[in-house]
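For reference, the structure is listed below as structure tokens.
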Amino acid sequence: MSAIDELATPPARKSATRKRKTAAPARAPLELSQDEIYERIYAAILEHRLHPGTKLAEERLAEIFNASRGRIREVLARLAHEQVVELIPQKGAYVARPSIEQALDVFEARRLIEPAIMRRLVETLTAEKLKRLREHEALEADARKRDDKRTVIRLSGEFHSLAADLAGNSALARTMRELSVLTCLMIFLYDAPTATCCRADEHSHIVDAIAKRDAARAERLMLEHLDHIQGSMKLESASEQVDLEEIFRS
Numbered sequence: 001m002s003a004i005d006e007l008a009t010p011p012a013r014k015s016a017t018r019k020r021k022t023a024a025p026a027r028a029p030l031e032l033s034q035d036e037i038y039e040r041i042y043a044a045i046l047e048h049r050l051h052p053g054t055k056l057a058e059e060r061l062a063e064i065f066n067a068s069r070g071r072i073r074e075v076l077a078r079l080a081h082e083q084v085v086e087l088i089p090q091k092g093a094y095v096a097r098p099s100i101e102q103a104l105d106v107f108e109a110r111r112l113i114e115p116a117i118m119r120r121l122v123e124t125l126t127a128e129k130l131k132r133l134r135e136h137e138a139l140e141a142d143a144r145k146r147d148d149k150r151t152v153i154r155l156s157g158e159f160h161s162l163a164a165d166l167a168g169n170s171a172l173a174r175t176m177r178e179l180s181v182l183t184c185l186m187i188f189l190y191d192a193p194t195a196t197c198c199r200a201d202e203h204s205h206i207v208d209a210i211a212k213r214d215a216a217r218a219e220r221l222m223l224e225h226l227d228h229i230q231g232s233m234k235l236e237s238a239s240e241q242v243d244l245e246e247i248f249r250s
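Listed below in structure tokens is the structure:
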């Protein structure tokens, strides 16, 4: 089954009724909203089910989601605006393949934005916000325990988006969501050995610092965390000169 086809596969359902000799008439599938289609594609990219460079054919996606090509085009344009999808004239839409230069830009942006998110989250922390962080932490731990790599990857990226949402600045939250999914694409492209967005225990340490309202520690831990993510990738300089004579010398 291809990654595109997998988008159409609903979760397995257990039937509570006995099998009948005559099949019930098939129901026409409901047309998904633009937001629902967007979230399905977004999650597939975040979980590495759709790899960087995968073509997202409008006609095939329209069939999968029982939607018009116009609606699919709107979704792809939305994802392209967030740099998650690349629209190539006369060729179509493809899952983005961030360059090394773009990857370095993403980490530079994250180092500016995420400490600010930590400060704002600590300043506005409530019991309900802390509860949501702890619940997400527990979901990550459970996924790791089950060795559910796809869920680990998705939840790892969503932790950073959740922190931005809880910080209460919509512009920061929107930007953080985009940067998180770009980071997961970069991890796939540039061979992060852990094959996940984040290390197992680092989010817990960050949440502990937030819970203690220690903004300085939360900021420091977040910056160290970003260093570890970037350090796990092979982001060698793309401008390195290649010596063809050396390569082909017998």
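Going by full-length UniProt numbering, the first residue of the sequence shown is number 1, and it counts up by one from there.
Every residue, glycine too, gets a C-beta built ideally from N, C-alpha and C.
Every value quoted in this text rests on a predicted model; they were computed, and no experiment measured them.
- Taking one beta carbon from each stretch, the segment 77-86 and the segment 115-134 have fewer than 3 pairs nearer than 8 Å; the two do not touch.
- With a 10 Å radius around the Cβ and a threshold of 16 neighbouring Cβ atoms, G70 comes out exposed.
- Around R217, the same chain offers A209 as residues with beta carbons nearer than 6 Å, after the five sequence neighbours per side are excluded.
- In this structure, I113 places its C-beta atom within 8 Å of the C-beta atom of L172.
- In this structure Y190 is in contact with M233, their Cβ atoms being roughly 4 Å apart against a cut-off of 8 Å.
- With fewer than 16 other beta carbons inside 10 angstroms of its own, T126 counts as exposed.
- For G92, the enclosing beta strand (DSSP E) covers residues 92-95.
- The straight-line gap separating the alpha-carbon atoms of L130 and D214 is approximately 13 Å.
- Going by C-alpha positions, A43 is about 20 Å away from R132.
- In the DSSP assignment, V85 is bridged to V95.
- In the structure shown, K55 adopts extended strand secondary structure according to DSSP, grouped into three states.
- Annotation: the segment 96-149 contains the following complete segments of the alpha helix (DSSP H) (minimum length 4 residues), in chain order: 100-123, 127-145.
- Close CB contacts of D165 within its chain, under the 7 Å cut and outside five residues either way in sequence, are with A173 (chain order).
- Leaving aside the five residues that flank M186 on each side, the residues in its chain whose CB is nearer than 6 Å to its CB run, in chain order, P98, A103.
- For M186, the enclosing alpha helix (DSSP H) covers residues 170-189.
- The three-state reading of DSSP puts H160 in helix, counting H, G and I together.
- The Cβ atoms of V152 and L46 lie no closer than 8 Å to each other.
- Counted as a single uninterrupted DSSP element, the stretch harbouring R213 is not any alpha helix (DSSP H), since DSSP gives it neither H nor E.
- When the alpha-carbon of A77 is set against those of F65, E58, I64, the nearest one is in E58.
- T124 is classed as exposed because its beta carbon has fewer than 16 other beta carbons within 10 Å across all chains shown.
- With 16 or more other Cβ atoms inside 10 Å of its own Cβ, I41 counts as buried.
- A residue is called buried when at least 16 other Cβ atoms come within 10 angstroms of its Cβ; G53 does not meet this threshold and is exposed.
- In the DSSP assignment, L46 falls within the unbroken alpha helix (DSSP H) covering 34-46.
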